[in-house]
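Participant:
Numbering (my numbering), first residue to last: 4 to 250.
And the structure:
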């Protein structure tokens, strides 16, 4: 099949240099697209409303007490055409300053977004909750150091004073499985403290619906520390994780 002239395939080949410069042919525009007028619906009405609003703002504004008309100097009574042009430009610029001084007062003060309020409240809850988890966490590390992790119990409770308990059902995430558990918190042992005592970290400070195994989080931290070395990352992470567990 013969090659079409003006295409890249029809250019002569060369064994040295960059060869002949080739430019793709430009395709002519269709006159139908360039000559068809486009009418935007509602544009005239929108322009009319904006002009009316501008006229209302200008009519409500009083005279500017800081603006004084300029009086020509006696020594410059006869000016050239260039001086007249400069005076005209100065008058226009002063008018622009007058319009720029219009203060637009919003109808309502700007409010803080809802998601920022939620994040701020949750941050304050974590700040007040984490100090209460340090002692149960250290006790859990001392209890499990150098020992295999015992299987989780379906019902978690650690009340020492016969308080009124509150039942909370959530999902516990472990290495290779997840398990629904029931947590009985009370006034003397809060829900996050009870989860930490049983090797689980809550996903929320007050009303968690899930909890992650502390061993799984520790292994993830060790893997994150060695993630720069992709070849031996898993082996080094396992070695660091086992050493921290006392093995």
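Where is the CB? At the ideal position from N, CA and C, for every residue including glycine. Keep in mind that this is a model prediction, so the values were computed, not measured.
#1: Run through the DSSP bridge pairs and tell me what residue 191 is partnered with.
#2: According to DSSP, what are the bridge partners of residue 166?
#3: State the Cα-Cα distance for the pair residue 119 and residue 47, rounded to the nearest angstrom.
#4: What is the C-beta distance between residue 202 and residue 218, in whole angstroms, given that I count them as a contact (C-beta under 8 Å)?
#5: Leaving out five residues on either side along the sequence, give the residues of the same chain with a beta carbon under 6 Å from the beta carbon of residue 132.
#6: For the alpha helix (DSSP H) containing residue 227, name the first residue and the last one.
#7: Closest by CA to residue 163, which one among 152, 191, 156, 177?
#8: For residue 176, which residues from the same chain have a beta carbon less than 8 Å from its beta carbon, with the 5 sequence-adjacent residues on both sides left out?
#9: Just the Cα atoms here: how many angstroms apart are residue 223 and residue 161?
#10: The alpha helix (DSSP H) spanning residue 139 covers which residue range?
#11: Give the straight-line distance between the Cα atoms of residue 22 and residue 30, rounded to the nearest whole angstrom.
#12: Measure the alpha-carbon distance for residue 16 versus residue 40 and round it to whole angstroms.
#13: Does the beta-carbon distance from residue 188 to residue 135 come in below 8 Å?
#14: Pick out whichever of 45, 249, 49 has its Cα sitting closest to the Cα of residue 151.
Facilitator: On the basis of the coordinates in this document:
#1: Locating residue 191 in the chain shown gives position 188, counting from the first residue. Its beta-bridge partners do not exist; DSSP assigns none.
#2: Counting from one through the chain shown, the residue named residue 166 turns up at place 163. DSSP output for residue 166 lists no bridge partner at all.
#3: To locate residue 119, count along the chain shown from 1; it is residue 116. To locate residue 47, count along the chain shown from 1; it is residue 44. Straight-line Cα distance between these residues: approximately 40 Å.
#4: What you label residue 202 is simply residue 199 of the chain shown in a count that begins at 1. What you label residue 218 is simply residue 215 of the chain shown in a count that begins at 1. Residue 202 to residue 218, Cβ: 7 Å. Contact.
#5: Stepping through the chain shown from its first residue, residue 132 is reached at position 129. So the qualifying residues of the chain are 195, 208.
#6: One-based indexing of the chain shown puts residue 227 at position 224. Element bounds for residue 227: 217-228.
#7: Counted from its first residue, the chain shown places residue 163 at position 160. Taking only the C-alpha atoms, the option nearest residue 163 is 191.
#8: If you number the chain shown from 1, residue 176 lands on position 173. Correct list, in chain order: 213, 214, 215, 216, 219.
#9: The residue you call residue 223 lines up with position 220 of the chain shown. The residue you call residue 161 lines up with position 158 of the chain shown. Distance between the alpha carbons of residue 223 and residue 161: 28 Å.
#10: Here residue 139 refers to the residue found at position 136 when the chain shown is read from its first residue. Taken as a continuous stretch (DSSP letters only), the alpha helix (DSSP H) holding residue 139 covers 137-147.
#11: Mapped onto the chain shown, residue 22 falls at position 19. Mapped onto the chain shown, residue 30 falls at position 27. Spanning the two alpha carbons is a distance of roughly 24 Å.
#12: Locating residue 16 in the chain shown gives position 13, counting from the first residue. Locating residue 40 in the chain shown gives position 37, counting from the first residue. Whole-angstrom Cα-Cα distance: 47 Å.
#13: Within the chain shown, the letter at position 185 stands for residue 188. Within the chain shown, the letter at position 132 stands for residue 135. The beta carbons of residue 188 and residue 135 sit no closer together than 8 Å.
#14: What you label residue 151 is simply residue 148 of the chain shown in a count that begins at 1. When each option's Cα is compared against that of residue 151, the closest is 249.
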